[in-house]
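In the numbering used here, the protein residues as written are 7 to 652.
I have placed the structure first, in the form of structure tokens, so that the comments after it can refer back to it.
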Amino acid sequence: MTSSSEDDIAETLAVTASSGFHAYSSGSKSSDKLSKLEVEQEHKTQTFFGKVREFLRIQLFGYPNELENYILENEPNDCALIAKYRQTTDIDLSEEPTLSIDKLTLNTLHIPHPLENFMRNETHQQVGADVLEKVNDELKESPILVFIHGLGGQMSQFEPLMGLLSQCAEIVSLDLPGFGNSKAVDSHHKSIFSMSETESNRVSFSINRMAWEDFSANNIVNIVHAFLRQQIPEKKVILIGHSMGTHIAVRVAKKLPQHKVEGLILLSPPDVVDDSAPGSSDLEIGGLSWLFRLFVYLPFLFNLFRTWDRLPGLQSKSVRRQLPKNSSLYNRLRQFRWNLDIDSPTLLKYVYGFKKITTSDFVVAINKFNNNKSDDRAYEKTLLVCGSEDHVTSVKHIHHIDNFLTKTFGRKISSAIEVKEAGHSLLLAKPELTSGSILNHIETKLPRRLNLSPAWVLKVKALISGDKWGLKNEEKWLNLKPISDNITRSNEIAPLLGMKTLREGDAVHSPGVVESSYYEHEDNFKGRLIAIIDISSDIPPYNPQSFKHIRYYKCATVSKVVPDQASIHRFINLVKEILDRSDEKHPLIGVHCHYGFNRTGFLICCYLIEVLGWTVKEAVEGFKLAKPPGIKHPHFIDALYVRYDT
7 MTSSSEDDIA ETLAVTASSG FHAYSSGSKS SDKLSKLEVE QEHKTQTFFG
57 KVREFLRIQL FGYPNELENY ILENEPNDCA LIAKYRQTTD IDLSEEPTLS
107 IDKLTLNTLH IPHPLENFMR NETHQQVGAD VLEKVNDELK ESPILVFIHG
157 LGGQMSQFEP LMGLLSQCAE IVSLDLPGFG NSKAVDSHHK SIFSMSETES
207 NRVSFSINRM AWEDFSANNI VNIVHAFLRQ QIPEKKVILI GHSMGTHIAV
257 RVAKKLPQHK VEGLILLSPP DVVDDSAPGS SDLEIGGLSW LFRLFVYLPF
307 LFNLFRTWDR LPGLQSKSVR RQLPKNSSLY NRLRQFRWNL DIDSPTLLKY
357 VYGFKKITTS DFVVAINKFN NNKSDDRAYE KTLLVCGSED HVTSVKHIHH
407 IDNFLTKTFG RKISSAIEVK EAGHSLLLAK PELTSGSILN HIETKLPRRL
457 NLSPAWVLKV KALISGDKWG LKNEEKWLNL KPISDNITRS NEIAPLLGMK
507 TLREGDAVHS PGVVESSYYE HEDNFKGRLI AIIDISSDIP PYNPQSFKHI
557 RYYKCATVSK VVPDQASIHR FINLVKEILD RSDEKHPLIG VHCHYGFNRT
607 GFLICCYLIE VLGWTVKEAV EGFKLAKPPG IKHPHFIDAL YVRYDT
């Protein structure tokens, strides 16, 4: 495989043809109920007096907010990727004199490197010890990506970026104290993972013991630093932060040992304080307005303010300040759910203790980067990304920081990317474009010795297995029907086909053979295959660039897990986007995971039910007839009935 084809594969994985596929799809009972409640809430609060009346009903007379309660009970705050890899971690803080506690228990995340399980599963291959030693040495050089969320945030907000980068890197993250699931979890609130009562008690007990001063900027940095020191003491890291998390990341980089940090990726960063300017010490707190000072001393007012602020529901300012104009219903729902997850007293503690980083903080952090002598040039190891419509941290901040770093170091050591039509929650508004741009920067602007590339992972797999396009359980794959028949209901033909993953060079099911069957020869299908959606979490065992007519799209889901609500919406709206762009008379879209039964069947059924109006039984039976034996695991079928028939 040539290096150019490897780069093509990486580019195809990184960037899809459209951004922002998240849009709430109609058709299910849950979406109809949500739409009804949204309209009712908007109607109640469309005038000032109506808003006051609703506010008094809730605050004075204790009436429930039906929209908020429905969202808390039906929309999860987390996602399948986080649920699969999360863990509860104890952090020893006994050596941190500025903290009032000696131990803290938090909700954390660890996604292993994709080669870890592969190398374990391929031990039967006759690979020389020198080859394995070389691969292990290269893996040691590859840094761990550490994600740090912002004020009121949580790990699940990084899902699109984590999903993409987990194809070529090991990932570590944590919900900061009091946010996400690092707090007391209400059992009535919807989440994908289920924390045991013992775990929940450990987490909530340790958080409740924290004093106000433990939430100061420096102490949160001390907590993150202790977590990294204990969990990954040996390996180097790249720190990825969002909003307040960017300032935590810079301070952590400053605190870590020399050469420990390989780079910084900062999303929606607040501005930095120029501490070389006169009077700069007075500005260091920056951001703690008189209003928030009042809230700190009268916290009940902050709760009243938040209730008022989000009263119009999905159209409220609490949502609009995070997202661009004309955001989809689903994106507004997701943002609103995260907003509801925020604990007001905890937020005030962070705000009170927050301090902006200074220009000298930035310089010290960057001077501690691992700038290896073997690097052939100066790399742009600091990436700054912001949405053009960010109303929380202005896009001008990334250009200010980028210009400052260039001027200070006398050369280009950073890059600034402005994501059009994205707000503060840019990974929600533009997940594919933002994630793809970040992966592209990592592959082109960071040293190759870091081995942060899907193409490198593919090359190593080929080296170990002896096959560039190796498959797990190849014999089972060979015995499966390559592509389903048309999925039908009476005379209606669905535009989707289920298939097993393709394999480059295969005599029956390679990109060239499949494309030829639709574009050069007569076949038994009604329609023409215009696109393939790869929903696996792996790098495909074929080169998507081999297609001449068929378009390839990546819409990754978590293996062995029923796709979550976010994955369902992303898939359905990707299908809609592809079909809307096609002028083919009878377009068909192939969908595959690995074997093409469980995740593939589940998502196809979701489309048939939500978009085409099929019943759950019709969808399940239709897929089963087209691709026997259909969805194999009963819990995938059960999930369809729970989602659409209850």
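The beta-carbon is built from N, C-alpha and C at its ideal position, and this holds for glycine as well.
Please give me, in chain order, every unbroken run of the alpha helix (DSSP H) with length at least 4 that falls completely inside the segment 598-628. 604-616
Please go through the same chain and pick out, in chain order, the residues whose beta-carbon is closer than 8 Å to the beta-carbon of Glu79, but skip the five residues on each side of it. Counted from its first residue, the sequence shown places residue 79 at position 73. Only His194, His195, Lys196 meet the Cβ criterion.
Determine, using beta-carbon pairs with one atom in the segment 409-425 and one in the segment 136-152, whether at least three such pairs fall under 8 Å. no
What residue range is occupied by the uninterrupted beta strand (DSSP E) comprising Tyr559? The residue you call residue 559 lines up with position 553 of the sequence shown. Counting along the chain, the beta strand (DSSP E) containing Tyr559 begins and ends at 557-560.
Local conformation of Gly596 per DSSP, three classes: Reading the sequence shown from its first residue, position 590 is the one you call residue 596. Residue state, collapsed to three classes: strand.
Whole-angstrom distance between Arg299 and Val568, CA atom to CA atom: The sequence position of residue 568 within the sequence shown is 562, counting from 1. The sequence position of residue 299 within the sequence shown is 293, counting from 1. Computed Cα separation, rounded: 45 Å.
Residues bridged to Ile271 [DSSP beta-bridge criterion]: What you label residue 271 is simply residue 265 of the sequence shown in a count that begins at 1. Answer by DSSP bridge pairing, in chain order: Ile246, Leu389.
Going by C-alpha distance, which of Lys189, Lys57, Ser421 is nearest Asp712? The shown model of the chain, from 7 to 652, leaves out residue 712, and the question about it has no answer.
Among Val227, Ile643, Lys374, Asn497, which residue has its Cα nearest to the Cα of Pro183? Looking up residue 183 in the sequence shown gives position 177. When only C-alpha atoms are compared, the closest one is Val227.
What's the call for Ser32, buried or exposed, on a 16-neighbour Cβ count within 10 Å? For the purposes of this step, residue 32 is taken as the residue at position 26 of the sequence shown. Its pLDDT being 46, under 50, Ser32 is placed unreliably in this model, and the value from its coordinates should be taken loosely. Exposed, because fewer than 16 other Cβ atoms sit within 10 Å of the Cβ of Ser32.
Is the segment 439-449 touching the segment 247-264 in the sense that three or more CB pairs, one from each, lie closer than 8 Å? no
Beta-bridge pairing of Arg340 - partner residues as DSSP gives them: Residue numbering aside, residue 340 sits at position 334 when the sequence shown is read from its first letter. Arg340 pairs with nothing; no bridge assigned.
Taking the continuous alpha helix (DSSP H) assigned at Asp3, which residues delimit it? The displayed coordinates of the chain run from 7 to 652. Any statement about residue 3 would go beyond what the structure contains.
Once DSSP output is grouped into helix, strand and coil, what is the label at Lys633? Residue mapping note: residue 633 aligns to position 627 of the sequence shown, counting from 1. Lys633 falls in the coil class under three-state DSSP.
Starting from the N-terminal side, write out each stretch of the beta strand (DSSP E) that is 3 residues or longer and does not extend beyond the segment 42-119. 92-98, 109-117
Grouping DSSP H, G and I as helix and E and B as strand, with all else coil, what is Asp540? As a working note, residue 540 is residue 534 in the sequence shown. Strand.
Quickly, what does DSSP pair Gly504 with across the bridge? List them, please. Against the sequence shown, residue 504 aligns to sequence position 498. DSSP, once it has assigned bridges, lists Val597 as partnering Gly504.
Going by C-alpha to C-alpha distance, which of Val514, Leu262, Pro103 sits closest to Val370? Here the question's residue 370 lines up with position 364 in the sequence shown. Considering only alpha carbons, the answer is Leu262.
Taking the DSSP output, what are the residues bridged to Arg312? Start at 1 with the first residue of the sequence shown, and residue 312 comes out as number 306. Partner(s): none; Arg312 has no beta bridge.
Grouping DSSP H, G and I as helix and E and B as strand, with all else coil, what is Leu452? For the purposes of this step, residue 452 is taken as residue 446 along the sequence shown, with counting starting at 1. Looking at Leu452 - three-state DSSP - the assignment turns out to be coil, as it is neither helix nor strand.
Quick test of your reading: Pro120 and Ser172, contact by CB under 8 Å. State the CB separation rounded to the nearest angstrom. Residue numbering aside, residue 120 sits at position 114 when the sequence shown is read from its first letter. Residue numbering aside, residue 172 sits at position 166 when the sequence shown is read from its first letter. Right, their Cβ atoms sit about 7 Å apart.
I'd like to check one pair, His639 with Asn604: are the Cβ atoms closer than 8 Å? To locate residue 604, count along the sequence shown from 1; it is residue 598. To locate residue 639, count along the sequence shown from 1; it is residue 633. The answer is yes: Cβ separation under 8 Å.
Report yes if the C-beta distance between Val325 and Leu234 is below 8 Å; otherwise report no. Counted from its first residue, the sequence shown places residue 325 at position 319. Counted from its first residue, the sequence shown places residue 234 at position 228. Their beta carbons are not under 8 Å apart, which means Val325 does not touch Leu234 by this criterion.
When the distance is taken between beta carbons, is Leu445 closer than 8 Å to Leu170? As a position in the sequence shown, residue 170 is number 164, starting the count at 1. As a position in the sequence shown, residue 445 is number 439, starting the count at 1. Yes. Within cutoff.
CB-CB under 6 Å to Ile536, same chain, minus the five flanking residues each way: which ones, in chain order? Residue numbering aside, residue 536 sits at position 530 when the sequence shown is read from its first letter. Excluding positions up to five away in sequence, the list reads Ser588, Glu590, Pro593.
Whole angstroms is fine: what's the gap from Glu521's alpha carbon to Ser542's? As a position in the sequence shown, residue 521 is number 515, starting the count at 1. As a position in the sequence shown, residue 542 is number 536, starting the count at 1. C-alpha separation (whole angstroms): 20 Å.
Status (buried if at least 16 other CB within 10 Å, exposed otherwise) for Trp344: Reading the sequence shown from its first residue, position 338 is the one you call residue 344. Flag for Trp344 reads buried.
Could you check what DSSP says for Arg417 in three-state terms: helix, strand or coil? The count along the sequence shown starts at 1 and reaches residue 417 at position 411. Three-state DSSP puts Arg417 in coil, outside helix and strand.
Counting Cβ pairs closer than 8 Å, one from the segment 379-397 and one from the segment 208-218, do we hit at least three? no
Cα-Cα separation, Ile643 to Met250: In the sequence shown, residue 643 corresponds to position 637, counting from 1. In the sequence shown, residue 250 corresponds to position 244, counting from 1. Cα to Cα, the separation comes out at about 41 Å.
Look at the alpha carbon of Leu464 and the alpha carbon of Cys174, and state the distance between them as a whole number of angstroms. Start at 1 with the first residue of the sequence shown, and residue 464 comes out as number 458. Start at 1 with the first residue of the sequence shown, and residue 174 comes out as number 168. One C-alpha to the other measures close to 9 Å.
Secondary structure, alpha helix (DSSP H): runs of 4+ residues fully inside the segment 457-489: 460-471, 480-484
Member of Pro550, Phe577, Tyr601 whose CA lies at the smallest distance from the CA of Val617: Taking the sequence shown and counting its residues from 1, the one referred to as residue 617 is at position 611. Of Pro550, Phe577, Tyr601, the residue nearest in Cα terms is Phe577.
Using 10 angstroms around the beta-carbon of Glu240, count the other beta-carbons present and answer buried if the total reaches 16, otherwise exposed. For the purposes of this step, residue 240 is taken as the residue at position 234 of the sequence shown. Exposed, since its Cβ has fewer than 16 Cβ neighbours within 10 Å.
In the DSSP output, what is Phe375 paired with across the bridge? Against the sequence shown, residue 375 aligns to sequence position 369. Answer by DSSP bridge pairing, in chain order: Val267.
Assign Glu147 to one of three DSSP states: helix, strand, or coil. Locating residue 147 in the sequence shown gives position 141, counting from the first residue. Three-state DSSP puts Glu147 in a helix.
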